[in-house]
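Asks: Got a structure for you, written out below as structure tokens; questions coming shortly.
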Amino acid sequence: MSCFRLSGMIVDVLHRTLFPGTVRVEDGKIRSIQRQDGGTPEQYILPGLVDAHIHLESSLLPPTEFARLATVHGTVATVSDPHEIANVLGLSGIHWMVSQAAKTPMEIAFGAPSCVPATTCETAGATLSIEAIRTLFEQEGLTYLSEMMNVPGVLVRDGEVMAKIALAREFGYPIDGHAPGLRGDAAQQYAAAHISTDHECFTLEEALDKLAAGMKILIREGSAAKNFEALHPLIDRYPDRCMFCSDDRHPDDLVKGHINRLVQRSIALGHNVMNVLQIACVNPVQHYGLKVGLLQVGDPADLIVVNNLQDFQVQQTYCKGQLVAKNQQALLPHQSVALINNFHASEQSVAAFTIPAAGREGQWVRVMQAIDGQLITPEVHLPPGVKSGSVQSDVTRDVLKIAVVNRYNHQPPALGLVQNFGLRRGAIASSVAHDSHNIVAVGTTDEELCAAVNAVIHAQGGIAVVEGDRVEVLPLPIAGLMSDQEGYGVAAHYAALTRRAQELGSPLTSPFMTLSFMALLVIPELKLSDRGLFSNSDFQFVPLWVETQ
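Numbering (the numbering used here), first residue to last: 1 to 549.
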């Protein structure tokens with residue numbers, strides 16, 4: 001039976017009060033909170049931080065290792081959508097995530113993915129039916145329906161979409177939204193389908209429309225999408241209807257900070273500290289019904305100690321009464337995990353990456369344009385670089401070959417062209433490729449492009465950088481999405497591969513992040529799936545070749 005006391009300034013966010021006192025914790029729960037007249041240490045005790053929407057797989061770490069790193073920054077809980085592993089392994093992948101999460105004292109609340117696969121225009125590893133979602137609710141203990149990405153299906157009240165929503169309502173569970181750019185009447189119609197949140201607001205005006213429709217807004221600041229600057233004015237206007245989230249958090253970013261960074265930035269901008277803490281600590285717990293304490297007598301002891309409410313330096317983190325991090329040091333042990341995967345691609349030949357140009361004289365090609373820090377890829381038409389009868393990567397114009405290779409069975413690669421990756425030599429590849437997580441690669445020569453793809457295949461999933469005979473790989477043996485190694489080492493390895501890609505010429509802030517969204521067909525404008533080049537505007541496959549512009 002463990003019992004301890006913590007003294008300092010008690011930050012009671014629920015009742016918006018601040019007073020000196022002592023918290024007594026016994027057997028993982030808060031047994032008493034006593035006010036004191038003085039003599040308490042110069043530290044502040046408050047509820048722990050919650051990430052209201054994240055795909056844990058984005059950290060390249062399993063739940064136990066993610067928890068090791070995140071608790072250092074004061075995170076005691078996450079609302080997690082296992083959408084990525086669900087696309088690879090279906091129910092077995094979600095079961096694996098739930099069972100691993102049970103091994104850490106951090107509260108990791110999983111939702112049932114609503115859109116697996118994201119589209120029928122790519123090869124995924126699994127499909128989640130309505131019956132599968134019911135199984136997740138009944139047998140796995142999942143407690144909400146994850147982001148409903150099928151916006152058109154919601155707006156036209158598609159039967160299957162509405163059946164999934166009805167199932168969540170049958171259980172009394174909240175339904176998360178995903179509706180980038182939706183405004184006005186369309187936002188009203190989307191929210192009227194009982195969708196309660198949205199984390200895809202890029203402008204303040206969009207967020208206000210969705211708030212007016214009755215939705216709650218998740219202010220997102222992740223490794224990929226960053227919306228805090230646009231949305232932070234909501235903090236003091238709607239403190240009861242906002243939450244903080246990261247959506248995706250890469251390992252090299254996770255070691256630097258998590259939700260604590262948003263708290264620090266909000267306070268630095270002059271926002272009311274109680275409003276900030278309500279958004280960071282309280283609202284997610286109440287909205288999702290999380291089994292997380294809020295620093296009240298009888299609650300689980302999920303709390304943090306910070307130096308003050310200006311700098312907000314996290315000094316201690318407790319999950320269910322267990323000290324899990326202290327003075328920026330993780331106290332949770334690294335745990336070995338059982339591997340699970342779905343990877344059946346065979347080695348590719350260099351010849352498979354040839355784009356014949358014979359008989360195409362005078363024709364141009366469709367080219368995807370990568371944009372640093374954004375998911376959209378505009379379509380442009382350019383004359384191809386042709387040599388010896390085939391299209392080649394053209395580093396002088398920064399038009400490079402891109403390939404997507406089916407990881408679930410052996411098929412020839414789908415090929416296209418992409419601009420703005422900036423590689424002057426070499427190639428990069430990854431099995432983290434939203435949403436179906438096939439292999440995606442960009443390279444300056446067919447030989448290096450092939451070598452990068454094969455490096456990922458040999459590793460049964462991973463991230464690779466190739467220059468000539470030099471091949472560097474971060475293996476991701478868990479579903480081709482996550483490493484089984486120690487988290488800080490994974491973060492360092494990922495950062496090293498990022499630097500290596502930049503040494504090869506890429507000006508992108510996060511080349512592998514940008515690469516991972518080249519096959520995301522639900523985002524405009526031109527994408528590449530394992531089945532071919534895809535126009536999001538027309539929502540159909542399109543040929544590489546076009547008539548001269």
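Think of the CB as a built atom: it goes at the ideal place given N, C-alpha and C, for glycine as much as any other residue.
Since the structure is predicted, the reported quantities are computational estimates derived from the model, not experimental observations.
If we require 3 or more residues per run, which beta strand (DSSP E) segments fall completely within the segment 25-112?
Replies: 29-35, 44-47, 49-54, 75-80 and 107-110
Asks: Do the CB positions of I457 and Q348 come within less than 9 Å of each other?
Replies: yes
Asks: Determine whether the beta carbon atoms of A187 and M162 lie at a separation below 9 Å.
Replies: no
Asks: For R68, which residues of its own chain have a beta-carbon under 6 Å away from its beta-carbon, when the five flanking residues on both sides are left out?
Replies: Same-chain partners within the cutoff: A330, L332 and G487.
Asks: Mind checking which residues open and close the alpha helix (DSSP H) that includes D252?
Replies: Boundaries of the alpha helix (DSSP H) harbouring D252: P251 to L254, taken from the DSSP string.
Asks: With DSSP collapsed to three states, give me the class of G489.
Replies: DSSP, read as helix, strand or coil, puts G489 in helix.
Asks: Would you kindly report the start and end of the unbroken alpha helix (DSSP H) that includes R134?
Replies: I130 to Q139
Asks: Roughly how many angstroms separate the alpha carbons of M1 and A301, rounded to a whole number?
Replies: Because M1 carries a pLDDT of 46, less than 50, the predicted location of this residue cannot be relied on, and the following value inherits that uncertainty. Using only the alpha carbons, I get a separation of about 14 Å.
Asks: Just to confirm my understanding: we take H194, look at its own chain, exclude 5 residues before and 5 after, and list those with CB closer than 7 Å. What are they?
Replies: I165, R169 and I175
Asks: For L508, I'd like the list of residues in its chain whose CB is within less than 6 Å of its CB, leaving aside the five on either flank, ordered along the chain.
Replies: D372 and T514.
Asks: Which runs of the beta strand (DSSP E) spanning at least 3 residues fall entirely within the segment 356-422, listed in chain order?
Replies: 364-369, 379-382, 399-405 and 414-419
Asks: Exposed or buried, what is E361 when buried is set at 16 or more other beta-carbons lying within 10 Å of its beta-carbon?
Replies: exposed
Asks: Check for me: the alpha helix (DSSP H) holding P284 runs from which residue to which?
Replies: N283 to Y288
Asks: Report the option in A124, A212, V285 and Q322 whose CA atom is closest to the CA atom of I304.
Replies: Q322
Asks: Helix, strand or coil for R425, going by three-state DSSP, please let me know.
Replies: coil
Asks: Assuming T203 contacts L218 (C-beta within less than 8 Å), just tell me the rounded distance between them.
Replies: At roughly 15 Å, the Cβ-Cβ gap does not stay under 8 Å, so T203 and L218 are not in contact.
Asks: By the three-class DSSP mapping on this structure, what secondary structure does P233 have?
Replies: coil
Asks: Quick one: what's Q189 bridged to in DSSP?
Replies: Answer by DSSP bridge pairing: none, since Q189 is not bridged.
Asks: Give the single residue among L417, N409 and Y408 whose Cα lies nearest to the Cα of R397.
Replies: Taking each of L417, N409 and Y408 in turn and checking the Cα distance to R397, the smallest one comes out for L417.
Asks: Note down, in chain order, each residue of its chain lying with its Cβ closer than 6 Å to the Cβ of S114, except the 5 sequence neighbours on either side.
Replies: L145, S146, M148 and K164
Asks: Run through DSSP, which three-state label would C3 get?
Replies: Strand, per DSSP.
Asks: Compute the Euclidean distance between the alpha carbons of Q346 and Q100, then round it to the nearest angstrom.
Replies: The amino acid occupying residue 346 in the given sequence is Ser; Gln does not appear at that position. For S346 and Q100, the distance between alpha carbons rounds to 30 Å.
Asks: Indicate, with yes or no, if the ligand ZN has a heavy atom lying under 8 Å from the CB of N409.
Replies: As for the ligand ZN, it is missing from this structure, which has no ligand bound.
Asks: Would you kindly check if the distance between the Cβ of V263 and the Cβ of F244 is under 9 Å?
Replies: yes
Asks: Note down, in chain order, each residue of its chain lying with its Cβ closer than 8 Å to the Cβ of H55, except the 5 sequence neighbours on either side.
Replies: Once the five neighbours on either side are set aside, the close Cβ partners of H55 are S80, D81, P82, H83, E84, D247 and D248.
Asks: With respect to the alpha helix (DSSP H) encompassing C450, which residues constitute its N-terminal and C-terminal limits?
Replies: D446 to H458
Asks: Could you check the C-alpha separation between G177 and H199 for me, to the nearest Å?
Replies: 7 Å
Asks: Can you tell me the Cα-Cα spacing of A572 and R237, whole angstroms?
Replies: Nothing can be reported for residue 572: it is not among the residues displayed for the chain, which extend from 1 to 549.
Asks: Could you pull out every residue in the same chain whose Cβ sits closer than 6 Å to the Cβ of A325, ignoring the five residues on either side in sequence?
Replies: Excluding sequence neighbours, A325 sits near T71, V72, T317 and L331.
Asks: Determine the closest residue to E205 out of A191, R183, M97 and L415, with distance taken between C-alpha atoms.
Replies: Ranking A191, R183, M97 and L415 by CA distance to the CA of E205 puts R183 first.
Asks: Compute the Euclidean distance between the alpha carbons of G505 and A495, then round it to the nearest angstrom.
Replies: 16 Å
Asks: Can you find the residues in the same chain that come closer than 8 Å, C-beta to C-beta, to D240, ignoring five residues on each side of it along the sequence?
Replies: Q278 and N283
Asks: Starting from G321, trace the alpha helix (DSSP H) both ways and give me its first and last residue.
Replies: Counting along the chain, G321 falls outside any alpha helix (DSSP H), and DSSP gives it neither H nor E.
Asks: Along the beta strand (DSSP E) that carries S146, what are the first and last residues, could you check?
Replies: L145 to M148
Asks: What did DSSP end up calling L528 once you bin it into helix, strand or coil?
Replies: strand
Asks: Identify which residue in P180, S59 and V88 has its Cα closest to the Cα of L254.
Replies: Comparing Cα-Cα distances from L254 to each of P180, S59 and V88, the minimum goes to S59.
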